[in-house]
Amino acid sequence: MTDSTRRERLLWTVAIFAFVTTDAVGFQLRGALLPSIEESFAVSQALLGLVATAGTLGFVVSVFVVGMVAGRIDIHGALLASAGVVAVAAFLTGLAPAFLVFLAALFVRGVATGPFRALDRAVLGHLYPEGRARIFNRYALVWAAGAAAGPIVVTFALTAGDWRYAYAVVGVGFLVSAALLVRLDLPDSVRSERELTLDELKAVVRKPAVAGMTGVLVLNGGIEGTLFTWLPYFAARQLPATAANLVLSTFLAAYVPGRLAYSYLADRTGRTLDLVLVTATLALPVLLATIFLATGRWLFVAVFALGLVVSATFPTLSAFGMNAASEFSGPVNAISTAAGYVGIALAPPLVGALAERVGLTLALGVLPLLLVGMLVVGGVTRAYQTRRGAPT
0 MTDSTRRERL LWTVAIFAFV TTDAVGFQLR GALLPSIEES FAVSQALLGL VATAGTLGFV
60 VSVFVVGMVA GRIDIHGALL ASAGVVAVAA FLTGLAPAFL VFLAALFVRG VATGPFRALD
120 RAVLGHLYPE GRARIFNRYA LVWAAGAAAG PIVVTFALTA GDWRYAYAVV GVGFLVSAAL
180 LVRLDLPDSV RSERELTLDE LKAVVRKPAV AGMTGVLVLN GGIEGTLFTW LPYFAARQLP
240 ATAANLVLST FLAAYVPGRL AYSYLADRTG RTLDLVLVTA TLALPVLLAT IFLATGRWLF
300 VAVFALGLVV SATFPTLSAF GMNAASEFSG PVNAISTAAG YVGIALAPPL VGALAERVGL
360 TLALGVLPLL LVGMLVVGGV TRAYQTRRGA PT
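When we follow numbering that gives the first Met the number 0, the leftmost residue of the sequence shown carries the number 0, and every step to the right adds one.
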């Protein structure tokens with residue numbers, strides 16, 4: 000690899016990581032802002048659950064559609080347009096005068112984010128073909144760093160006098176990513192992305208690795224999405240508002256060392272599915288303790304431990320699925336991303352609806368059930384892989 004190629008690869012990585020970090024900050028504003036949104040727009044808990052859904056439904060559709068046609072479109076143009084439109088949508092979200100307008104702005108931003116997130120890991124997969132598990136965990140690590148900063152941005156915005164300032168910060172971040180992309184050309188390695196026919200799509204989806212990845216990531220998305228949305232609200236029932244936001248930051252901060260460790264473990268052992276099964280098993284007692292036992296300072300300890308073990312699933316399992324069909328990295332990336340966000344779209348409003356009937360603590364009891372489902376689907380996938388002599 001020449002020096003110019005290395006430099007080009009580095010700049011592409013920085014541009015993608017800048018977008019992902021900013022997207023994570025914006026994504027985690029929603030949970031931390033729920034009390035402020037509730038106060039500003041005077042809405043119920045059931046309607047607050049729609050905040051996660053509004054920002055996710057359009058995203059799921061666009062990320063899936065764009066990923067399926069990754070081999071037919073101008074990838075560089077799609078990434079650049081996505082970053083620009085998302086920046087504008089972020090500013091508009093902060094200016095929303097009513098709750099329905101706020102939800103609509105979140106929906107538009109989700110749709111505009113889809114093309115970038117459908118293609119970014121596909122680009123990275125081609126740039127780092129020998130280390131996908133490592134680079135995907137690093138990608139997820141910078142996402143986690145941005146996500147952990149989200150509640151802190153909210154705290155600064157509230158200190159400055161208005162929660163809407165947080166969305167202005169996000170808009171500026173997306174503009175930085177767009178500015179970097181303007182200066183880059185698409186690497187030759189990415190042009191090898193193949194078009195996907197309907198028959199090939201069916202074949203890819205039927206692969207045990209891809210089907211198992213999809214099932215686990217839907218359930219995992221439900222767990223993560225619910226925690227992202229409701230954890231600050233849950234913590235605010237026993238802690239001051241500023242401390243409650245720090246509970247979410249603590250949970251997400253644990254993703255950083257966790258994903259750094261898993262990037263090395265996945266790269267050196269190659270046993271990506273086994274790594275996910277071990278960490279999901281460890282997560283079950285920690286999740287139960289977080290919901291039903293931990294209070295005060297112990298809540299910070301519990302959520303940090305939970306973040307350490309939960310952080311392994313998405314990036315590691317995404318690499319597992321993509322390695323099974325690397326010539327279709329765009330579509331597989333779209334499937335994995337959409338799967339996670341389907342869970343994020345569906346579970347938080349379900350928990351919100353249950354919370355109005357049985358209370359938030361009992362409603363969060365749905366999460367251990369989702370985790371048990373993850374272990375069942377992952378275990379079945381491992382059995383199929385072992386029977387076929389395929390990697391786990």
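Where a beta carbon is used, it is the ideal one built from N, C-alpha and C, also for glycine.
Computed from a prediction, not measured in an experiment: that's the story for all the values here.
Q: Pick out whichever of R116, R29 and L359 has its Cα sitting closest to the Cα of L79.
A: R116
Q) Is T294 helix, strand or coil when you go by DSSP? A) coil
Q: Just the C-alpha distance for P34 and Y232, rounded to the nearest angstrom, thanks.
A: 7 angstroms
Q. Among residues of its own chain, excluding the 5 on either side of V181, which ones have a beta-carbon nearer than 8 angstroms to its beta-carbon?
A. L79
Q) If V31 sits next to V153, beta carbons under 8 angstroms apart, how far is it from one beta carbon to the other, in whole angstroms? A) What sits at residue 31 in the sequence shown is Ala, not Val. Sure, about 4 angstroms apart at Cβ, within 8 angstroms.
Q.
Please tell me whether L369 and L218 are closer than 7 angstroms, where the distance is taken between their beta carbons.
A. yes
Q) So what's W229 in DSSP terms, helix, strand or just coil? A) helix
(Q) For the structure I just gave you, are there three or more beta carbon pairs, one from the region 318–325 and one from the region 202–219, closer than 8 angstroms? (A) yes
**Q.** Exposure label - Y254; buried when at least 16 CB within 10 Å
**A.** buried
Q) Nearest to L401 by CA position, among T385, T380, L366 and L9, is which residue? A) Lying before the first or after the last residue shown, residue 401 is absent from the chain, which here runs from 0 to 391.
Q. Counting Cβ pairs, one atom from each stretch, are 3 or more of them under 8 angstroms apart for the region 89–101 and the region 359–373?
A. no
Q: For G211, name the three-state secondary structure that DSSP assigns.
A: helix
(Q) Across the region 153–173 and the region 71–87, are there enough close Cβ pairs to call them in contact, namely three or more that are closer than 8 angstroms? (A) yes
**Q.** Test item: CB-CB of L140 and L259 under 7 angstroms
**A.** yes
Q) Going by other Cβ atoms of all chains shown within 10 Å of its Cβ, with 16 needed for buried, is Q384 buried or exposed? A) buried
Q) alpha helix (DSSP H) containing Q237: first to last residue? A) It is not in any alpha helix (DSSP H) - Q237 carries neither H nor E in the DSSP assignment.
**Q.** Sub-7 angstroms separation of A337 and T52 beta-carbons
**A.** no
Q: Output yes or no for whether 7 angstroms exceeds the beta carbon distance between T228 and P347.
A: yes
Q: In the DSSP assignment, find the unbroken alpha helix (DSSP H) run with F98 in it and report its ends.
A: F98 to L126
Q | Three or more C-beta pairs below 8 angstroms linking the region 68–75 and the region 116–131 | A | yes
Q) Helix or strand or just coil, what does DSSP make of P186? A) coil
Q) Where does the unbroken alpha helix (DSSP H) through I74 begin, and where does it stop? A) I74 to G93
Q.
Within a Cβ cutoff of 6 angstroms, which residues of the same chain sit near V309, ignoring the five residues on either side of it in sequence?
A. A282
Q: Indicate the three-state DSSP secondary structure (helix, strand or coil) for T1 in the structure shown.
A: coil
**Q.** Range covered by the alpha helix (DSSP H) that runs through D266
**A.** Y254 to T268
Q: Name the two residues that bound the continuous alpha helix (DSSP H) containing S317.
A: T312 to A323
Q.
I need the straight-line Cα distance from P256 to W162, nearest angstrom please.
A. 29 angstroms
Q.
Can you tell me whether R71 is helix, strand or coil according to DSSP?
A. coil
**Q.** Simplified DSSP assignment, three categories, for L363
**A.** coil
(Q) For A14 and L179, which I take to be in contact (beta-carbon distance under 8 angstroms), what is that distance rounded to the nearest angstrom? (A) 4 angstroms
Q: Give me the Cβ distance between S39 and V110, rounded to the nearest whole Å; I'm assuming they're in contact under 8 angstroms.
A: The pair is not a contact, with the Cβ atoms about 24 angstroms apart (cut-off 8 angstroms).
Q. Nearest CA to the CA of A234: which residue from A382, V371, W297 and V275?
A. W297
(Q) Assuming the contact rule is C-beta atoms closer than 8 angstroms, T92 and A82 should be a hit. Round their C-beta distance to whole Å, please. (A) Not quite, the Cβ-Cβ distance comes to about 16 angstroms (not below 8 angstroms), so this is no contact.
Q: Work out the CA separation of F26 and I134 for me, nearest whole Å.
A: 21 angstroms
Q) Between Y232 and chain B, is there a C-beta pair that is closer than 7 angstroms? A) In the displayed structure, chain B is absent; only one protein chain is listed.
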